[in-house]
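Per my numbering, the sequence shown starts with residue 71, numbered consecutively.
To start, the structure itself, in structure tokens.
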Amino acid sequence: MSAQLIDGKTLAEELRAAFKTRVAALTARNHRPGLAVILVGEDPASQVYVRNKVNACEAAGIFSQKRVYPADVAQAVILAKLAELNADPKIHGILVQLPLPRHFDEKAVLEAIAPEKDVDGFHAENVGALAQGNARFIPCTPYGVMKMFEANGVDLAGKEAVVIGRSNIVGKPMALLLINAGATVTVCHSKTRDLAAHTRRADILVAAVGKPRFVTAGMVKPGAVVIDVGINRLPPEEGGKLCGDVDFEAVKEVASLITPVPGGVGPMTIAMLLANTIEAAEREAGQ
Ligand code: NDP
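See below:
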């Protein structure tokens, strides 16, 4: 039997339509939300992500400011720009597109963003708050996944959840959110022994690996909810299309609910960035 689709594209569109009202209310009170995006270098995927984020801001009525720097820019230049943005009252959210070039100390850059403008939720202070179950900003991708659970009536309390991937951007915050929601959580990674033994126990399986079609049907418990965070570009000989970490065609025959790629977690990530920016502006406006 084929799984039901969790349609991230439609859900993101619904959320974004609702955001417009909140943005209009803030703008009417002279608190128009503003997002600054910093891109260093010319990574084509990062360029696409930044363009999509800026376009989404414009569509929602959010003020956006994009700054692009060459890959060899000195870290001090970026730190100075962040200090300027931290003090800019038009800007409520600041995002530095990752990954940064190798000569950067990524942690130092992320910590230079004022925690109350850290709409990606990567500042240590915000990670700590999330770990304590008292989040100020939830990182956008796992936040989007939680919204998908909510919108599709997926009850997490008491469920076995397995997250494949332990990155600071996706895997770890995803695991924290699932713990906070009452799931029993296992985090797997490249050192995990017998990965399939873990994934086959999962009522909720989240794949954030970065390997095309890594999760096969045999790794999935019948009836599981499968969330595919992966965005991988297939090689030209395989059509060059985008592909997730899950073997969608096979796994949809085993799962009860599944996200597609594209049209799943990706659009939700952008929607939650807008949500965090609006929330930052509402806080600043005293709402
Ligand atoms: P990272 O490369 O930072 O992390 C990948 C994780 O997968 C690591 O924890 C790694 O383990 C683990 N891993 C690698 N190989 C294996 C293996 N054979 N078995 C088990 N675990 C393994 O990636 P990200 O978390 O940043 O991103 C993951 C994917 O999600 C990518 O495809 C990325 O493009 C996509 N993504 C999508 C977003 C969206 O909006 N939909 C947003 C962000 C990312 P270890 O730690 O041991 O190395």
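Glycine included, each C-beta is placed from N, C-alpha and C at the ideal position.
Buried versus exposed call for residue i [16 or more other C-beta atoms within 10 Å across all chains shown]
i, result
"Asp188", "buried"
"Lys177", "exposed"
"Asp264", "exposed"
"Gly310", "exposed"
"Asp175", "exposed"
"Leu304", "exposed"
"Ala227", "exposed"
"Lys261", "exposed"
"Val118", "exposed"
"Ala126", "buried"
Distance CB(residue i)-CB(residue j) smaller than 8 Å
i, j, result
"Ala153", "Val110", "no"
"Ala266", "Glu323", "no"
"Cys210", "Asp225", "no"
"Glu181", "Ala350", "no"
"Ala98", "Gln135", "no"
"Arg283", "Asp317", "yes"
"Met244", "Val233", "yes"
"Leu155", "Ile161", "yes"
"Val299", "Val276", "yes"
"Pro306", "Ala82", "no"
"Arg96", "Glu319", "What sits at residue 96 in the sequence shown is Leu, not Arg. In this structure, Glu319 does not lie closer than 8 Å to Leu96 by Cβ."
"Val321", "Val290", "yes"
Interface flag, residue i vs chain D, CB-CB below 8 Å
i, result
"Ala351", "No chain D appears in the structure shown, which is made up of a single protein chain."
Simplified DSSP state of residue i, which is helix, strand or coil
i, result
"Leu312", "strand"
"Gly191", "coil"
"Val324", "coil"
"Asn250", "helix"
"Arg263", "coil"
"Val408", "Residue 408 falls outside the range modelled here, since the chain spans only 71 to 357, and no answer is possible."
"Arg303", "strand"
"Ala256", "Sequence check: residue 256 is Thr here, not Ala. Three-state result, Thr256: strand."
"Ile76", "coil"
"Ala355", "coil"
"Val107", "strand"
"Val296", "strand"
"Ala277", "strand"
"Arg331", "Checking the sequence shown, residue 331 turns out to be Val, not Arg. Reduced to three states, the DSSP call for Val331 is coil."
Taking any heavy atom of the ligand NDP as the mark, which residues have a C-beta closer than 5 Å to it, listed down the chain? In chain order, the hits are Thr211, Gly235, Arg236, Ser237, Ile239, Val240, His259, Ser260, Ala278, Val279, Gly280, Val299, Gly300, Ile301, Val335, Gly336 and Thr339.
Every unbroken alpha helix (DSSP H) within the stretch 113-186, with a cutoff of 4 residues, ordered by chain = Listed in chain order, the complete alpha helix (DSSP H) runs (minimum 4 residues) inside the stretch 113-186 are 114-130, 145-156 and 176-181.
- Message: Give the list of continuous beta strand (DSSP E) stretches no shorter than 3 residues that lie fully inside the stretch 198-242.
- Response: Taking only runs of at least 3 residues, the beta strand (DSSP E) segments lying wholly in the stretch 198-242 are 230-234.
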